[in-house]
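Under my numbering, read the sequence shown as residues 338 to 615, first letter to last. Here's the structure, in structure tokens; my notes come after.
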Amino acid sequence: MLLTRVITAVVLLAVLLPVLFFQNMLAFGAVMLAFMGASLWEAYRMVQPGARYPLLVPAMWTLAFAVPVLAGGSGQATLWWGIAVAAWALVFAPKLRTGLPDFSAPASRIHGVLYMLSIVAAFMAITALYRHSPVYLLSVMALVWIADIGAYCAGKAFGKRKLAPSISPGKSWEGAIGGALAVVLIAGASVWFAGGNALLADTFTAHVQAKAGWFVTFAVLLLIVAASVIGDLVESQMKRRAAIKDSSNLLPGHGGVLDRIDALVPVLPIAALIDAWL
């Protein structure tokens with residue numbers, strides 16, 4: 338299993354890193370469309386298990402919304418990001434406490450549509466952040482990765498109080514707090530040393546701090562950490578309802594695309610909205 342995970346990771350890096358840093362929008366758009374289509378397919382399988390035509394709806398979403406945005410941008414992108422952020426705050430996060438509706442309920446279909454919309458909004462955000470620069474996009478993603486690693490280490494060392502035992506028994510409050518501290522410390526240090534480093538100066542955190550100051554920067558970082566935890570839990574909750582372990586087997590040893598980006602789905606529209614505000 339470990340060898341499979343390593344091989345898959347190497348192949349993904351071999352594809353993604355050149356696409357990111359050659360800054361060819363056509364190649365970047367094609368790869369993002371492929372990943373977004375896969376994510377939508379996986380999401381549809383979770384919200385409509387046993388659907389007769391599991392590829393039809395994801396294909397329609399991809400063609401209707403992603404192609405115009407990835408091809409040349411969209412003036413309505415901020416609207417999509419706003420709708421996605423509202424859905425996470427008003428629908429997905431509360432459902433972690435109240436539970437998901439039965440598949441046959443109309444509310445379940447609304448939940449599914451909003452989740453797929455949020456995936457489209459996340460990939461719109463990826464494109465907008467990438468247009469700023471590859472480093473800028475990666476700096477947003479790195480905040481989620483740091484939070485995840487910090488949470489894992491802190492949870493292993495100190496975890497006692499379960500964060501959401503019925504959804505993800507492995508997560509703890511201590512882990513979540515450790516992840517937040519790791520993000521604040523590492524992102525804060527990157528800003529502190531950004532003065533003499535062009536790459537660090539082009540990061541998302543450095544731009545927020547330069548425009549809005551430290552207090553707002555720390556608030557934004559904590560918001561991003563909270564959103565990443567919610568994104569992870571929401572996908573876990575949906576998988577439990579659908580009685581599946583992974584969103585798919587598209588990435589051998591890793592599960593599905595959504596299993597790798599679930600925490601990024603709510604974070605990216607937030608970051609894109611903040612970037613637009615800046």
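For each residue, glycine too, the CB sits at the ideal point set by N, CA and C.
Within its own chain, the residues whose Cβ lies closer than 7 Å to the Cβ of residue 510, once the five positions on either side in sequence are excluded, are 498 and 500, listed in chain order.
In this structure residue 369 is in contact with residue 463, their Cβ atoms being roughly 6 Å apart against a cut-off of 8 Å. Residues 383, 582, 583 and 584 of the same chain have their beta carbon placed closer than 8 Å to that of residue 576, with the five preceding and five following residues left out of the count. Residue pairing for residue 582: DSSP places it in no beta bridge. Judged by DSSP secondary structure, residue 506 falls within the beta strand (DSSP E) whose first and last residues are 505-509. Beta-bridge partners of residue 374 (DSSP): none assigned. The residue among 605, 613 and 614 with its C-alpha nearest the C-alpha of residue 421 is 605.
Taking each of 443, 562 and 467 in turn and checking the Cα distance to residue 360, the smallest one comes out for 467. Taking residue 561 as the centre and dropping the five residues before and after it, the same chain places the C-beta of 480 and 604 closer than 6 Å to its C-beta, in chain order. By the Cβ criterion, the segment 555-571 is in contact with the segment 516-523, since at least three pairs of Cβ atoms, one from each stretch, lie closer than 8 Å. No Cβ-Cβ contact shorter than 8 Å links residue 439 with residue 600. In the structure shown, residue 442 falls within a coil segment according to DSSP collapsed to helix, strand and coil. Looking at the backbone, the Cα of residue 356 and that of residue 460 are separated by about 15 Å. Between the segment 564-578 and the segment 423-437 there are three or more inter-stretch CB-CB distances shorter than 8 Å, so the stretches are counted as touching.
In this structure, DSSP gives residue 592 an extended state, which the three-state scheme calls strand. Take the alpha-carbon of residue 433 and the one of residue 424: they are about 13 Å apart. With a 10 Å radius around the Cβ and a threshold of 16 neighbouring Cβ atoms, residue 358 comes out exposed.
Using a C-beta cut-off of 8 Å, the segment 535-542 makes contact with the segment 469-480, since at least three inter-stretch Cβ pairs fall below that distance.
Apart from sequence neighbours up to five positions away, the residues of its chain that approach residue 415 with a beta-carbon distance below 6 Å are 613, ordered along the chain. Per DSSP, the unbroken beta strand (DSSP E) holding residue 499 starts and ends at 499-501.
Counting the other Cβ atoms within 10 Å of the Cβ of residue 551 gives fewer than 16, which makes it exposed. Going by DSSP, residue 415 is part of the alpha helix (DSSP H) stretching over 414-424.
Rounded to whole angstroms, the Cβ separation of residue 452 and residue 564 is 14 Å, and the two are not in contact under 8 Å. The beta carbon of residue 504 sits closer than 6 Å to the beta carbons of 570, 573 and 574 from its chain, once the five residues preceding and following it are set aside; these are given in chain order.
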